[in-house]
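Protein sequences, first through last, are from chains Z and W. Numbering-wise (full-length UniProt numbering), the first sequence opens with residue 1 and increments by one. Numbering-wise (full-length UniProt numbering), the second sequence opens with residue 1 and increments by one.
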Amino acid sequence: MSKNDGFAAVGKTAVMQNIQGTMHFLLRYAPFNQMELSHLAQMVEQCRLRFYAAGDPIVGPGDGTIEDVYIVKQGLVLGQRPTQSGDGLETTQEIAPGECFPVAAMVSERATRSHYIAAEDTFCLQLGRAAFVRTYNQSEAFRDFALRGVSSLVGQVHQQVQLQAAETLGAQYSLETRLNILASANPVTCRSGISLRAAVKLMHEHHVGSLVMVDDSDYPIGIFTLRDLRRVIADGSGDLQQPLDELMTPDPIHLPPTATAFDAALTMTRKQIAHICVVEMGRLVGVLSERDLFSLQRVDLVHLARTISAAPHIDSLVELREEIAHLIDNMLAHGANPEQLTHIITQLNDHTVARVIELMIEEHGDPGVPFTWLVFGSEGRREQALLTDQDNGMLFEAGSPEEAEQIRQRLLPLARRINEALDRCGFTLCNGNIMASNPELCLSRQEWLRRFMGIIQNPTRDNLMHSSIFFDLRSVWGPSEGCRQLSEALLQMIEGNSLFQHMMAANALRHPPPIGRFRDFIVARLGADKDTLDLKVEGLMPFVEGVRILALAHGISECNTLERLRQLGARGVLKPQAAAAYEEAYDFIQMTRMQLHQRQKRAGQPLSNRLDPDTLNQLDRRILRESFRQAQRLQTSLGVRYQL
Amino acid sequence: MNLIRALFARLQRRHLALDEAQRQRLKALPPPPCLDALLHQQRFVVLDLETTGLNLNRDIVISIGAVTIEDGAIDMAQQFECTLRRQVKVNEAVLIHGIAPSELAAGQPPAEALLSFMEFAADSVMLAFHAPFDQRMLARALKNELGYNLENPFLDVADLAPMLFPEVLTRRGSLDYWMNYFGIDIAQRHHASADALATAEIALILFNRAQRMGIERVEELAQRARYWQRARQAALGSI
Numbered sequence: 001m002s003k004n005d006g007f008a009a010v011g012k013t014a015v016m017q018n019i020q021g022t023m024h025f026l027l028r029y030a031p032f033n034q035m036e037l038s039h040l041a042q043m044v045e046q047c048r049l050r051f052y053a054a055g056d057p058i059v060g061p062g063d064g065t066i067e068d069v070y071i072v073k074q075g076l077v078l079g080q081r082p083t084q085s086g087d088g089l090e091t092t093q094e095i096a097p098g099e100c101f102p103v104a105a106m107v108s109e110r111a112t113r114s115h116y117i118a119a120e121d122t123f124c125l126q127l128g129r130a131a132f133v134r135t136y137n138q139s140e141a142f143r144d145f146a147l148r149g150v151s152s153l154v155g156q157v158h159q160q161v162q163l164q165a166a167e168t169l170g171a172q173y174s175l176e177t178r179l180n181i182l183a184s185a186n187p188v189t190c191r192s193g194i195s196l197r198a199a200v201k202l203m204h205e206h207h208v209g210s211l212v213m214v215d216d217s218d219y220p221i222g223i224f225t226l227r228d229l230r231r232v233i234a235d236g237s238g239d240l241q242q243p244l245d246e247l248m249t250p251d252p253i254h255l256p257p258t259a260t261a262f263d264a265a266l267t268m269t270r271k272q273i274a275h276i277c278v279v280e281m282g283r284l285v286g287v288l289s290e291r292d293l294f295s296l297q298r299v300d301l302v303h304l305a306r307t308i309s310a311a312p313h314i315d316s317l318v319e320l321r322e323e324i325a326h327l328i329d330n331m332l333a334h335g336a337n338p339e340q341l342t343h344i345i346t347q348l349n350d351h352t353v354a355r356v357i358e359l360m361i362e363e364h365g366d367p368g369v370p371f372t373w374l375v376f377g378s379e380g381r382r383e384q385a386l387l388t389d390q391d392n393g394m395l396f397e398a399g400s401p402e403e404a405e406q407i408r409q410r411l412l413p414l415a416r417r418i419n420e421a422l423d424r425c426g427f428t429l430c431n432g433n434i435m436a437s438n439p440e441l442c443l444s445r446q447e448w449l450r451r452f453m454g455i456i457q458n459p460t461r462d463n464l465m466h467s468s469i470f471f472d473l474r475s476v477w478g479p480s481e482g483c484r485q486l487s488e489a490l491l492q493m494i495e496g497n498s499l500f501q502h503m504m505a506a507n508a509l510r511h512p513p514p515i516g517r518f519r520d521f522i523v524a525r526l527g528a529d530k531d532t533l534d535l536k537v538e539g540l541m542p543f544v545e546g547v548r549i550l551a552l553a554h555g556i557s558e559c560n561t562l563e564r565l566r567q568l569g570a571r572g573v574l575k576p577q578a579a580a581a582y583e584e585a586y587d588f589i590q591m592t593r594m595q596l597h598q599r600q601k602r603a604g605q606p607l608s609n610r611l612d613p614d615t616l617n618q619l620d621r622r623i624l625r626e627s628f629r630q631a632q633r634l635q636t637s638l639g640v641r642y643q644l
Numbered sequence: 001m002n003l004i005r006a007l008f009a010r011l012q013r014r015h016l017a018l019d020e021a022q023r024q025r026l027k028a029l030p031p032p033p034c035l036d037a038l039l040h041q042q043r044f045v046v047l048d049l050e051t052t053g054l055n056l057n058r059d060i061v062i063s064i065g066a067v068t069i070e071d072g073a074i075d076m077a078q079q080f081e082c083t084l085r086r087q088v089k090v091n092e093a094v095l096i097h098g099i100a101p102s103e104l105a106a107g108q109p110p111a112e113a114l115l116s117f118m119e120f121a122a123d124s125v126m127l128a129f130h131a132p133f134d135q136r137m138l139a140r141a142l143k144n145e146l147g148y149n150l151e152n153p154f155l156d157v158a159d160l161a162p163m164l165f166p167e168v169l170t171r172r173g174s175l176d177y178w179m180n181y182f183g184i185d186i187a188q189r190h191h192a193s194a195d196a197l198a199t200a201e202i203a204l205i206l207f208n209r210a211q212r213m214g215i216e217r218v219e220e221l222a223q224r225a226r227y228w229q230r231a232r233q234a235a236l237g238s239i
C-alpha cells in the first residue's frame with residue numbers, strides 16, 4: 001500500500017490538506033515513518049505550530065515540568081547546558097528538522113536540564129502532554145522512540161544497511177549469525193578404523209564434502225574432506241583399504257555454537273581451512289563448511305586469502321586487489337560493520353604483504369639474517385581502508401653498531417624491492433619516505449629504541465608527527481618478539497614523561513571536528529574541495545589521536561583505536577558510557593567513509609576522503625553530526641585533562 | 001450590463017433558500033470583535049479563497065481554506081476547508097487551483113458552506129494575503145447567499161510584511177516572494193488551505209517581529225498598517 005492510499009485508509013472521510021502536508025513532511029523522518037498513518041494523522045491534528053525567531057528561547061529548566069514536546073519543522077534549535085566551570089552555557093545538542101526535544105524530560109515528567117534556543121528562524125510543532133500520552137499509548141514505534149531516544153537511531157542505520165543488503169541478494173544473512181544456526185545439524189561422522197573405501201562411500205551416500213571422525217564421547221578427533229581425497233589420489237598413495245586414521249587431518253579446528261559467522265570466516269582464513277567443527281560441551285554438534293558460510297553471500301573471503309598466500313608472482317597479487325575491493329563491496333552490502341571490514345581488509349593486506357615478502361626473498365635471494373617487517377600508522381592500528389599507502393620498517397637483532405650497519409646493508413636492497421612490489425599491489429609509496437628501504441627505518445632493536453627515545457625526549461613538531469605514525473606499530477612478518485619488546489619499552493618511556501604526554505595531547509587537538517555553532521557542518525568554502533569535509537582528517541583523526549595519547553599514557557599496548565577505547569573504558573580512564581559513545585561515533589564515521597569509497601570506486605573516480613554532507617540522507621546527516629560532536633567532546637575532555 | 005446583473009442578484013436574494021435552522025444559525029453569529037486585545041491573545045482566522053477569477057463583481061468563490069492562530073500558534077486542529085457547489089466553465093483559474101468541475105459539483109451548497117465558515121470564523125480578526133480581494137469576494141458571497149453583512153476586520157499580510165520588514169527591499173511582494181524570503185516550504189501551492197497555512201506561517205513571523213518592535217495590541221498593528229499604507233500611497237503619488 002502506498003502512502004497515498006494509506007491516507008484514504010486513515011479512517012476519516014477526509015484528512016485535511018494541511019494535516020496531510022505535515023504528515024508528508026514528518027514521514028521523511030524516524031520514528032514518524034514507522035508509525036501507523038492513522039496514529040500519525042491523529043498526532044498531527046493535535047499539534048500547534050509555533051514560530052521562534054533566531055535567539056528566542058523555546059523552553060528551559062525554569063519552565064518547570066515539561067508539558068510539551070517540540071518537533072522542529074524548519075530551522076535549527078540548540079540545546080545548551082551550563083559548562084562544568086559554571087560560567088556559561090555550552091551547546092550539547094543541535095536539533096534539526098524532523099527531530100524532537102525534550103523527549104526524555106517529557107517521559108520522566110520533570111523539567112528539562114537544557115536550555116533550548118532557536119539558532120535561526122524556526123518553526124516547531126508543539127505536542128502537548130495529553131496528545132503525547134495518547135500517541136505514546138497508541139503507537140509502538142513512537143513509544144520505542146520516546147523510551148530509547150536518539151541512540152536507537154544509530155541502530156536503525158545499521159539495520160537499514162543490512163535490510164538493503166538482504167534485499168539485493170535475497171538472503172537473510174549477517175556476519176553476526178551464530179554457528180548453531182548456520183552449521184549443518186546432523187554432521188556425518190565415523191569411528192576410528194574405518195577404511196578409505198567405506199569413508200568415501202559414506203560421503204557419497206550423504207552428499208557431503210567432509211567426514212568427521214569422533215571418539216566414544218562424540219568428540220571430533222579428525223576430519224577428512226574431498227580436498228584430502230584429491231590429495232590422496234594425486235599422490236597415488238591411496239590404497240582403498242587404508243584406514244582413514246592415517247589420511248585424515250587430526251585434531252580438527254573447532255568453535256563453540258555461540259561463535260559467529262564472522263569468527264568462522266576469520267578462523268578459516270587464518271588457518272587456511274575450509275571446514276570447522278562446531279563443538280558444544282565436548283561433543284560434535286555440527287560442521288560448517290566454507291560453502292555454508294559464503295554460498296549465500298557470494299563472498300569468498302577464504303578463497304581470496306588462500307589465493308593471495310599462494311600467488312605465484314606479483315602480477316597475480318596485483319589482479320587480486322581488484323577482487324579485494326569487490327569483496328569489501330559485498331560485505332559492506334551485507335551489513336558487516338566497519339570494524340569487521342577494516343579487520344578483513346587488514347587481514348587480506350597482511351596476507352598480501354607476507355606473500356610479497358616471500359616472493360621477493362625467492363626472487364632476490366635470502367639475506368641470511370632474520371628480520372621483522374614492521375607496519376605503522378593505520379596499518380599498525382589494523383584500520384586500513386581501501387585507500388592506503390605504505391608505512392613500514394624493518395627490525396632486526398644486532399650485537400653492536402657495526403654489526404647493525406652490516407646487516408642493514410644486506411637488508412636494504414631487499415627492502416627496496418619489497419617496497420616497489422607493494423607499490424605495484426596498490427600500497428602506494430609513502431610520500432614521507434616512511435618505508436623499510438629508508439636506511440633510517442631499517443634498524444636494529446637498540447637503534448629503534450634510541451630513535452623512539454629521541455622522539456619522546458625532544459617533542460618538536462616533526463617528532464610529534466613521527467610519534468603519531470611510529471607509535472602505532474606491529475609486526476606483520478618474521479619473528480614478533482623484538483617488536484613486542486620494543487613496544488613495551490615505548491610504553492614505559494611515555495608513562496614516565498608527562499611533558500611528552502602534554503605535547504602529544506596538544507597535538508591531538510590540531511584538527512577540530514567540522515561542526516559549527518550555528519551551521520550543521522563546516523565545509524570548505526573554495527577550490528576543488530568546495531562544500532566538502534574530510535572524513536579522515538576532520539572526523540577520524542580526532543578520535544585516533546585523542547585515544548592514542550590516552551592509551552600510551554596508561555600503558556595500553558593495543559594499537560587499534562576501538563580496542564584502545566574498550567580498554568580505556570574497562571580500566572576507568574574514560575567513563576564506560578563515554579567510551580561506548582566514542583566507539584559508536586568512530587564506527588559511524590568509518591562506515592560513512594567506506595561507503596563513500598565504494599561509491600567512488602563504482603563511479604570510476606579516484607578515492608578521496610572528502611564528502612559533501614548534502615549527499616547524505618537526513619538520518620545519516622544527523623548521526624554524522626552527532627558523531628562529530630562526540631569527537632569534539634573527546635577533544636574537550638583532553639583539553640581539561642592536560643590543561644590545554 | 002452591471003446594472004442588470006446587480007438587479008438580477010437582488011431579485012435572487014429575495015429568494016434566499018435558507019431553511020429555519022440555517023436562519024437561526026445566522027442569527028446566532030457573534031458581533032465583530034473589538035481590536036484592543038493583545039496580539040497573542042487575539043484569535044485570528046487566516047483565510048485564502050480560490051475564485052473563478054480576479055473580477056470582483058463577476059467572479060465567484062469556489063473554495064475556502066482557513067487556519068486559526070490562537071494563543072500565538074497555528075492550531076492544527078482548527079482548520080477549515082471547503083469546496084463550494086458551483087457550476088462553472090473550465091477556465092484558467094480552475095486550472096491553476098486544480099479543482100475539477102466534477103469536484104465543484106460535489107461541493108457543499110454555497111449557503112451552507114459560507115454559514116459554516118462564518119461559524120468557524122466567529123468573532124476573529126481575519127488575515128489574508130492581499131486581504132482587500134478576499135474581503136470583498138467574501139462579503140459579496142455572504143451578501144448574495146446569506147444576506148449577511150461581513151463586518152469582521154481584516155488585516156493584509158501583504159502590507160504587514162513590508163511594513164515590519166523594511167530591510168526587505170520590495171514594494172509589495174507576492175505570496176511566493178515572501179514564502180521564498182522566509183524559507184517557507186509548502187507542498188501544495190494554489191490550494192486554498194495550503195496557501196492559508198503559508199500565509200499563517202508568515203503571520204507568525206510578522207507577529208514575532210511586531211512584538212519585538214513593541215507593538216503589543218491588534219489595534220496598534222492595524223493603526224500602523226493604515227499609516228504605512230497612507231504614507232506609501234503619498235510617496236507613490238508624489239513620484
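Backbone N, C-alpha and C define an ideal beta-carbon position, used for all residues, glycine too. Small disclaimer: the values here were computed from a predicted structure and weren't measured.
| Asked | Found |
| --- | --- |
| Reduced DSSP category for residue 646 of chain Z - H, G, I as helix; E, B as strand; rest coil | Absent from the model: residue 646 of chain Z. The displayed extent of chain Z is 1 to 644, so no value can be given. |
| Cα-Cα separation between Z/D620 and Z/L533, rounded to whole angstroms | 15 Å |
| Nearest-angstrom Cα separation, counted from Z/L395 out to Z/E440 | 11 Å |
| Closer than 8 Å to chain W by CB, Z/M106 | no |
| Buried or exposed by the 16-neighbour rule on C-beta atoms within 10 Å, applied to Z/I233 | exposed |
| 9 Å Cβ cut-off: residues of chain Z touching W/N208 | F51, Y52, A53, D56 and D121 |
| Z/P250 - partner residues in DSSP beta bridges | Z/G222 |
| Continuous alpha helix (DSSP H) assignments of at least 4 residues falling wholly in the segment 447-472 of chain Z | 461-470 |
| Inter-residue Cα distance where the pair is Z/S378 and Z/D472 | 8 Å |
| Contacts that W/H40 makes with chain Z (C-beta to C-beta distance below 7 Å) | Result: empty, since nearest Cβ-Cβ is about 11 Å, beyond 7 Å. |
| Beta carbon of W/S193 nearer than 8 Å to that of Z/M16 | yes |
| Neighbouring residues, chain Z, relative to W/G72 (Cβ below 8 Å) | R50 |
| Beta-carbon proximity list for Z/T258, same chain, < 7 Å, skipping 5 on both sides | R178 |
| Which of helix, strand or coil DSSP assigns to Z/V188 | coil |
| Any C-beta of chain Z under 8 Å from that of W/E20 | no |
| Integer Cβ distance of Z/S444 from Z/A398, believed to fall under 8 Å | 4 Å |
| Reduced DSSP secondary structure (H/G/I, E/B, other) of residue 246 of chain W | With chain W represented from 1 up to 239, any question about residue 246 of chain W goes unanswered, as that position is not in the structure. |
| Proximal residues of chain Z, C-beta to C-beta of W/E81 below 7 Å | M16 and Q17 |
| Bridge-paired residues (DSSP) for Z/H313 | Answer is none; Z/H313 lacks a bridge partner. |
| Option nearest Z/D389 by Cα separation, candidates Z/P338, Z/N431, Z/G527 and Z/I361 | Z/N431 |
| Complete runs of the alpha helix (DSSP H) confined to the segment 390-439 of chain Z [at least 4 residues] | 401-424 |
| Simplified DSSP assignment, three categories, for Z/Y136 | helix |
| C-beta atoms of residue 240 of chain W and W/I69 nearer than 8 Å | Any question about residue 240 of chain W goes unanswered here, given that chain W covers just 1 to 239. |
| Contact check, W/L175 vs W/A225, beta carbons under 8 Å | no |
| Reduced DSSP category for Z/S378 - H, G, I as helix; E, B as strand; rest coil | helix |
| Proximal chain Z residues relative to W/M76, where beta-carbon distance stays under 9 Å | M16, N18, I19, T22, V44, E45, Q46, C47, R48, L49 and L125 |
| Rounded C-alpha distance that separates Z/E420 from Z/W477 | 17 Å |
| Beta strand (DSSP E) segment containing Z/S289, residue limits | R283 to S289 |
| Pair within 8 Å by beta-carbon distance, Z/Q241 and Z/R191 | no |
| Minimum C-alpha distance to Z/K201 - residue among Z/G604, Z/E94, Z/A183 and Z/L244 | Z/L244 |
| C-beta contact flag for Z/M106 and Z/I66 at 8 Å | yes |
| Identity of the residues DSSP links to W/D156 by a beta bridge | W/A128 |
| The segment 59-79 of chain Z: positions lying closer than 7 Å to chain W by Cβ | Q74 |
| Z/R28 and Z/G98 closer than 8 Å at C-beta | yes |
| Short CB-CB distance (under 8 Å) between W/Q223 and chain Z | no |
| Delimiting residues of the beta strand (DSSP E) encompassing W/M76 | A73 to T83 |
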